[in-house]
Amino acid sequence: MYPPEFLYTKDHEWIQVDESVGTIGITDYAQKELGDVVFVELPKPGDHVGSGESFGTVESVKAVSELYSPVSGEVTSVNNKLQNNPELVNSDPHGDAWLIRVQLEDRREVEKLMTAEEYEAYIAQEKAH
Amino acid sequence: MRYLPNSPADRQAMLAATGHAHIDELFEQIHSDIRLKGKLNLPGPLSESEILDFFRQAASESSRDYVSLLGAGAYSHYSPVVVDALLSRGEFFTAYTPYQAEIAQGTLQAMFEFQTMMTQLTGMEVSNASLWDGSTATTEAALMAMRVTHRQRVVLARTLHPEYRQILLTYVQNQDVTLVETPYEASGQIDLTQLESAVDTKTAAVVVQSPNFFGALERIPEIAAIAHRKGALLIVAINEPLSLAVVNPPTDADIVCGEAQSFGVPVSYGGPYVGFLTTREKFLRQMPGRLVGQTVDTEGRRGFVLTLATREQHIRREKATSNICTNQALFALAATIYLTLMGKAGLRQLAEQNLSKAHYAAGELRKIPGFSTPFAAPHFNEFVVKVPGDAERLLEKLRNEKIIGGLDLGKYYPELANHLLVCFTELVSRKSIDRMVEECRQFSA
Chain W
3 MYPPEFLYTK DHEWIQVDES VGTIGITDYA QKELGDVVFV ELPKPGDHVG SGESFGTVES
63 VKAVSELYSP VSGEVTSVNN KLQNNPELVN SDPHGDAWLI RVQLEDRREV EKLMTAEEYE
123 AYIAQEKAH
Chain U
7 MRYLPNSPAD RQAMLAATGH AHIDELFEQI HSDIRLKGKL NLPGPLSESE ILDFFRQAAS
67 ESSRDYVSLL GAGAYSHYSP VVVDALLSRG EFFTAYTPYQ AEIAQGTLQA MFEFQTMMTQ
127 LTGMEVSNAS LWDGSTATTE AALMAMRVTH RQRVVLARTL HPEYRQILLT YVQNQDVTLV
187 ETPYEASGQI DLTQLESAVD TKTAAVVVQS PNFFGALERI PEIAAIAHRK GALLIVAINE
247 PLSLAVVNPP TDADIVCGEA QSFGVPVSYG GPYVGFLTTR EKFLRQMPGR LVGQTVDTEG
307 RRGFVLTLAT REQHIRREKA TSNICTNQAL FALAATIYLT LMGKAGLRQL AEQNLSKAHY
367 AAGELRKIPG FSTPFAAPHF NEFVVKVPGD AERLLEKLRN EKIIGGLDLG KYYPELANHL
427 LVCFTELVSR KSIDRMVEEC RQFSA
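So this is what it looks like as structure tokens:
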């Protein structure tokens, strides 16, 4: 379910690091919790995001939620497909519905994130609550 | 209806339940320096008939038989009796939107129609279900523009209502926001050259009012071009929306907001009024306040719902698009009823009446030696007149003749001492205009 090549945050974002660029999205668990996604608000390429800081919002029929970046750096690209097809977040959260790509400033930030196995244990615990 | 909410025994029972010996203990957080000690300085109780008598007499002394030429953001228009009759129906009689909104389909439909009419008048694509008043709507528009553009600088026309400018300043003075004022030129309109140099690539919005505070129509297409060249939004505030029945709607703007008091809401003492905010569909998600949408239920029947409520404060707290999205459902309803009654043709006729009265008055005033209308820009029902001598003395002379002669602009614009802002709506008869002109002629002599 959760790709082993991704790393995960407690805010339910994933990041796939390739060299010094990280691709960021929200997890399958997050999209299920949100329900039908109707709008995604993303930053612009060139904007700066900080680790643990909000970089946009995802709006479902139930709520508007903040998107938190796992890492710091400059946004190199954003997924424009989501502008007209926000439902991709529900259908393919780990693939087509990636949100932004970030040029990593500090690779050490990645070390604090969870592996797929750790994340699965974490959400199992969340579900138990 | 009972006016005595609880007896001393009720109060004792409540205090016993909360564990307080005296009601004063509940107010201990309020510093003793500012707490009221002793009783309010009010006369003793009166019977109901005495109270009614008191207010009737006060009303007859202050307002009866006066002709008012005051506008400046609050406009005296005739309101058909149907407006009040429908408003005071129990089903409608609250200023708030119900919290379990979908139960109140009638209220939602009225708001939906309010939104529809506001977009028809302003030429915008979407409208919210009303805001507190014109001044806060204008402030909300500026905040919205900052969210849309991610910029923190706003350029204001000096011809924007001075109190609207103050309200905006109150909101942003402790935030990292820069407000810049652009002067007006000899025509009474915003100075386009100065505006061009004031707007930069950090500017979120240009805010102008049209008709502006002097009653003059602004050059919206030119102003829009200046704003858009730098990626800023254009906000047009309108506090006499009746003008939209005869003036081109400001379709080059990005946000059109303002005051809808003209539509069936009495001027009262400056409120309660009703604000509106309309914009382009692409900015919908940054628009403050409530929005009513039309949909169908599971059986395909038409129904009305609150849409995009996820951005409102009761759900999104500090991240909400506004923290005073209190709308004015009751007065938005008044405006809806008023506009429905007037219809397109009626509204246009009324606007034409306002227009011709103001232009007749301006023409007559200009004939008096020493009087002039210094601003050459086109105007609707309001304009500035320069007075030979002390404007306050003229106002006093007019007051003695039961004419409230307009607003002394010197209070707001020191350079316009002895200039009056005067407004002529359908409620000012031709006879009253002639009477006012005659008083002015005597003043000049």
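Protein chains in written order, with this note's numbering: chain W, 3 to 131; chain U, 7 to 451.
Cβ atoms here follow ideal geometry from the backbone N, Cα and C, with glycine treated the same way.
Given the structure is predicted, the values throughout are model-derived calculations rather than measurements.
Quick one: what does DSSP say Met-7(U) is sitting in, helix, strand or coil?
In this prediction, Met-7(U) scores a pLDDT of 46, lower than 50, which makes its location untrustworthy; no coordinate-derived value is stated.
Thinking C-alpha only, which one of Phe-118(U), Ser-274(U), Pro-255(U) and Thr-199(U) is nearest Ile-232(U)?
Selected option, being the one with the closest Cα: Thr-199(U).
Does the CB of Phe-57(W) have a neighbour CB from chain U at under 9 Å?
With 9 Å as the cut-off, Phe-57(W) does not count as an interface residue toward chain U.
Write down every uninterrupted run of the beta strand (DSSP E) in the region 247-318 of chain U whose length is 3 residues or greater and which is fully enclosed by it, in chain order.
Entirely contained in the region 247-318 of chain U, the beta strand (DSSP E) runs reaching 3 residues are, in chain order, 261-265, 281-285, 297-302 and 308-313.
Does Asn-57(W) come out as helix, strand or coil in the three-state DSSP assignment?
For the sequence presented, residue 57(W) should be read as Phe rather than Asn. The answer is strand: DSSP assigns Phe-57(W) an E or B state.
In chain U, which residues lie with their C-beta within 8 Å of the C-beta of Val-66(W)?
Chain U residues near Val-66(W): Thr-316, Arg-317, Ile-321, Arg-322 and Lys-325.
With burial defined as no fewer than 16 other Cβ atoms inside 10 Å of the residue's Cβ, what is the status of Asp-16(U): buried or exposed?
Looking at its Cβ environment, which holds fewer than 16 other Cβ atoms inside 10 Å, Asp-16(U) is exposed.
Do the region 290-297 of chain U and the region 122-135 of chain U meet, that is, are 3 or more Cβ pairs less than 8 Å apart?
Taking 8 Å as the limit for Cβ pairs, the verdict is that the region 122-135 of chain U does touch the region 290-297 of chain U.
For Met-6(U), which of Asp-414(U), Ser-438(U), Glu-358(U) and Leu-336(U) has the nearest alpha-carbon?
The question about residue 6(U) has no answer, for chain U in this structure spans 7 to 451.
Whole angstroms is fine: what's the gap from Pro-47(W)'s alpha carbon to Val-80(W)'s?
The straight-line gap from Cα to Cα measures roughly 7 Å.
Return the chain-ordered list of same chain residues with a C-beta closer than 6 Å to the C-beta of Phe-289(U), the five sequence neighbours on each side being excluded.
Same-chain partners within the cutoff: Val-154.
Quick one: using the 10 Å Cβ neighbour count with 16 as the cut-off for buried, is Pro-88(W) buried or exposed?
So Pro-88(W) counts as buried.
Need the endpoints of the beta strand (DSSP E) that Tyr-366(U) sits in, please.
Not the beta strand (DSSP E): Tyr-366(U) falls in the alpha helix (DSSP H), residues 335-372.
Please report the distance separating the alpha-carbon of Asn-254(U) from that of Thr-128(U).
Going by the C-alpha atoms only, they are around 9 Å apart.
Within the same chain, show all residues whose beta-carbon is closer than 6 Å to that of Pro-85(U), passing over the 5 residues directly before and after it, in chain order.
Correcting the residue type first, residue 85(U) is Ser in the shown sequence and not Pro. Closer than 6 Å at the Cβ level, and outside the excluded window around Ser-85(U), lie Gly-270.
In chain W, which residues lie less than 8 Å from Arg-291(U) when you measure between Cβ atoms?
Within 8 Å Cβ-Cβ: Phe-41, Glu-43 and Glu-61.
Quick one: what's got a C-beta closer than 8 Å to Phe-99(U)'s C-beta in the same chain, skipping five residues either side?
The residues are Leu-93 and Leu-336.
Can you give me the C-alpha to C-alpha distance between Ile-321(U) and Glu-68(W), rounded to a whole angstrom?
Their backbone Cα atoms lie some 13 Å apart in a straight line.
Name the residue from Leu-185(U), Lys-236(U) and Tyr-170(U) whose alpha carbon lies nearest to the alpha carbon of Gln-215(U).
Here the closest residue by C-alpha is Tyr-170(U).
Can you check DSSP and say which residues form a bridge with Val-214(U)?
In the DSSP output, where bridge partners are listed per residue, Val-214(U) has Val-242(U).
Where do the N-terminal and C-terminal ends of the beta strand (DSSP E) with Ile-17(W) fall, by residue?
Where Ile-17(W) is concerned, the enclosing beta strand (DSSP E) stretches over 15-20.
Measure from the alpha carbon of Gly-58(W) to the alpha carbon of each residue in Gln-33(W), Glu-21(W) and Pro-45(W), then state which is nearest.
Considering only alpha carbons, the answer is Pro-45(W).
Here's the rule I'm using: 16 or more other beta-carbon atoms within 10 Å means buried, otherwise exposed. How should His-26(U) be labelled?
By the neighbour-count rule (16 or more Cβ atoms within 10 Å), His-26(U) is not buried but exposed.
Find the nearest neighbour of Asp-108(W) within the set Thr-117(W), His-131(W), Gly-24(W) and Pro-5(W), judged by alpha-carbon distance.
Considering only alpha carbons, the answer is Gly-24(W).
Can you tell me whether Arg-372(U) is buried or exposed, with buried defined as 16 or more other CB within 10 angstroms of its CB?
With fewer than 16 Cβ atoms within 10 Å of its Cβ, Arg-372(U) is classed as exposed.
What distance in whole Å lies between the Cβ atoms of Ala-80(U) and Gln-355(U), which are believed to be in contact at a cut-off of 8 Å?
Actually they do not touch by this definition, with Cβ atoms about 22 Å apart.
Please confirm whether Phe-120(U) and Thr-285(U) have their CB atoms less than 9 Å apart.
Result no, Cβ atoms of Phe-120(U) and Thr-285(U) do not sit closer than 9 Å.
Under three-state DSSP, which class holds Gln-105(W)?
Strand, per DSSP.
My assumption, with CB atoms under 8 Å, is that Lys-64(W) sits in contact with Gly-37(W). Please give the rounded CB distance.
Their Cβ separation, rounded to whole angstroms, is 5 Å, which keeps Lys-64(W) and Gly-37(W) in contact under 8 Å.
With Arg-17(U) as the anchor, note down where its alpha helix (DSSP H) starts and where it stops.
Element bounds for Arg-17(U): 14-24.
Would you be able to state if there are at least three C-beta pairs under 8 Å between the region 218-235 of chain U and the region 175-183 of chain U?
The answer is no - the region 218-235 of chain U does not touch the region 175-183 of chain U, with fewer than three Cβ pairs under 8 Å.
Can you list, in chain order, the residues of its chain whose CB lies under 6 Å from that of Ala-251(U), leaving out five sequence neighbours each side?
Leu-353, Arg-354 and Ala-357.
For Ile-196(U), which residues from the same chain have a beta carbon less than 7 Å from its beta carbon, with the 5 sequence-adjacent residues on both sides left out?
Taken in chain order, the residues that qualify are Ala-163, Thr-165, Thr-188, Tyr-190, Val-214, Glu-224 and Ile-229.
Inspect the beta-carbon positions of Lys-363(U) and Ile-244(U) and report whether they are closer than 9 Å.
In this structure, Ile-244(U) does not lie closer than 9 Å to Lys-363(U) by Cβ.
When DSSP labels each residue in this structure, what does Val-161(U) get in the three-state scheme?
It is a strand residue.
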